Amino acid sequence: MTNTHSRFVSESCVNFRDVGGYLNQDERMITPGLLYRSDSLHRLSREDADTLSSVYGVKRAIDLRSLNEQRTCPLRSVTNFLDVISLPIIDQTMQAPMTRPNVQSMAEGYIIMLNESGGHIVQAIQSILEKESPVVVFCTAGKDRTGVLVAVILSLLDVGIDQVIADYELSQEVMPSIRRSITQETPDRVKAWADLPIDVLGADGTSIQDLLSFCDTEFGGVESYAIQNGLSKEDILKLHRWLVK
1 MTNTHSRFVS
11 ESCVNFRDVG
21 GYLNQDERMI
31 TPGLLYRSDS
41 LHRLSREDAD
51 TLSSVYGVKR
61 AIDLRSLNEQ
71 RTCPLRSVTN
81 FLDVISLPII
91 DQTMQAPMTR
101 PNVQSMAEGY
111 IIMLNESGGH
121 IVQAIQSILE
131 KESPVVVFCT
141 AGKDRTGVLV
151 AVILSLLDVG
161 IDQVIADYEL
171 SQEVMPSIRR
181 SITQETPDRV
191 KAWADLPIDV
201 LGADGTSIQD
211 LLSFCDTEFG
221 GVESYAIQNG
231 LSKEDILKLH
241 RWLVK
């Protein structure tokens, strides 16, 4: 692992990065070194896995992948020291939003995730809060399911939409590498990827912007959405106390 000016801190999981460092609307900083996001940790090298535990102090991982993805690409190098919580944002019993014939954009897929997986999104936040120690949330690419969850968390912490979008767009530079990894790991997905809308393969911030606008219109904002799906006001206060300097 490296920790330079880049937010990317792992060489084997190329979309592993620290969510901390952003300023919220009160000019208070999201504390670095507590919440990380990543592509699938099954790619994590043993060296990086050791560093994740001994240097970064990560003790818990929230796995947002479907149960089928977890079976196909099981975690090996991290299970000895990480408490892994499985909370699929889209379960294998559902058709992945971006592969549904009527879904024409990334934003539409994210809205489906928001509507269909609100319970697991809230449970993921509650699982992050349980230990109040460094935690990583991840999915296969670290862009979509992870991106939706992190956008919700940053919004709950009053981080402005420009910075929420900027965090999401950091995935753009590593997507070519992620695509290569996924097609090597699951060759059966190659055709499926070829048929996807073009914006699915990138990290255009308008997708997150449209998602948050939908949340404002349909639920009255991210906080209201989270509360309607089971997050308490005390949970939100606890999130602020733990993650905001």
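Sequential numbering from 1 applies to the sequence shown in my numbering. Glycine included, C-beta positions come from ideal geometry on N, C-alpha and C. These numbers come from a predicted model, not from an experiment.
Taking just the CA atoms, how far does SER224 sit from ARG60? 27 Å
Just to confirm the assignment, what range does the beta strand (DSSP E) spanning ARG60 have? 60 to 63
Could you name the residues of the same chain whose beta carbon sits closer than 6 Å to that of VAL148, not counting the 5 residues immediately before and after it, in chain order? TYR110, MET113
On the DSSP bridge assignment, give the partners of TYR36 in chain order. ASP18, VAL136
Can you tell me which of the three DSSP states ASP83 falls into? strand
Three-state class that DSSP yields for VAL159 in the structure shown: strand
Compare the beta carbon distance of TYR150 and VAL58 with 9 Å and say whether it is the shorter of the two. Note that residue 150 corresponds to Val in the displayed sequence, not to Tyr. Their beta carbons are not under 9 Å apart, which means VAL150 does not touch VAL58 by this criterion.
Using C-beta distances below 6 Å, list every residue in its chain close to THR72, excluding the 5 sequence neighbours before and after it, in chain order. none
Can you tell me where the alpha helix (DSSP H) holding HIS120 begins and where it ends? 118 to 131
7 Å Cβ shell around PHE219 - same chain, five flanking residues per side excluded: TYR225, GLN228
Count the other C-beta atoms from every protein chain shown that fall within 10 angstroms of the C-beta of ASP26, then say buried if there are 16 or more, exposed otherwise. exposed
Roughly how many whole angstroms lie between the Cα atoms of PHE81 and ASP50? 9 Å
Would you say the stretch 124 to 136 touches the stretch 34 to 49, given that touching needs at least three Cβ pairs under 8 Å? yes
Would you mind working out which of THR79, VAL244, GLN126 sits nearest LEU44, comparing C-alpha positions? THR79
Rounded to the nearest angstrom, what separates CYS13 and ILE89 at their Cα positions? 20 Å
The alpha helix (DSSP H) spanning SER54 covers which residue range? 46 to 54
Quickly, what does DSSP pair MET29 with across the bridge? List them, please. LEU23
Residues near ASN24 by beta carbon distance below 8 Å, same chain, minus five either side: ILE30, LEU157, ASP158, VAL159, GLY160, VAL244
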